[in-house]
Amino acid sequence: ASYNVVLSTPIIATGMFDRDVSAQDALEHPELYETGRRCMDLNARKLLETLLSAVVHSGVMLCVMILALPHFETAGAGDFYTFGTAVYSWLILAMNIRVAFLTTTWNLGVLLAQGLSFLLFAVF
Numbered sequence: 010a011s012y013n014v015v016l017s018t019p020i021i022a023t024g025m026f027d028r029d030v031s032a033q034d035a036l037e038h039p040e041l042y043e044t045g046r047r048c049m050d051l052n053a054r055k056l057l058e059t060l061l062s063a064v065v066h067s068g069v070m071l072c073v074m075i076l077a078l079p080h081f082e083t084a085g086a087g088d089f090y091t092f093g094t095a096v097y098s099w100l101i102l103a104m105n106i107r108v109a110f111l112t113t114t115w116n117l118g119v120l121l122a123q124g125l126s127f128l129l130f131a132v133f
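So the sequence shown is numbered by the working numbering: it starts at 10 and just counts up by one.
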């Protein structure tokens, strides 16, 4: 159960608190909504691009970790629990970095969510 909380908190906070423009600018420039009306950001092609990117990134992460597994065994920590923890740690780090790149407006809510993600990971 903590898996979902740790991974989803930063992106939910970014969705809630991130603002590209102020409310006043949005009202003064309705052309800013053109990308939404034309489905330029949320369409089948963008979905497939994002899915392919996720598959490639996860494949690279898994391959690197599989290549590192023999070195875990050399250090006496070559069990699957250690391997899984290392992969999960990298997943949380990569996900938080991705959310950081997507964030336009850094504020207390976004920062707390990023910190909470790492804190919950350490606790659980």
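Glycine included, every Cβ here is placed at the ideal spot set by N, Cα and C.
With distances taken from CA atoms, which of the options is nearest residue i?
i: A16; options: C72, I106, F26, E40; result: Checking the sequence, you will find Leu at residue 16 rather than Ala. Of the candidates C72, I106, F26, E40, the one whose C-alpha sits nearest the C-alpha of L16 is I106.
i: V30; options: V119, H66, T113, E43; result: T113
i: T18; options: L120, F133, V132; result: L120
i: N116; options: I101, F26, F127, A103; result: F26
i: G68; options: I21, W99, V108; result: W99
Going by DSSP in three states, residue i sits in which element: helix, strand or coil?
i: C48; result: coil
i: R54; result: helix
i: V132; result: helix
Measure how close the beta-carbons of residue i and residue j come, nearest whole angstrom, since I'm counting them as under 8 Å.
i: F89; j: M74; result: Contact flag wrong, Cβ pair sits at about 11 Å.
i: L41; j: A35; result: 6 Å
i: A103; j: H66; result: 7 Å
In or out: residue i buried (at least 16 other Cβ within 10 Å) or exposed?
i: F130; result: buried
i: V132; result: exposed
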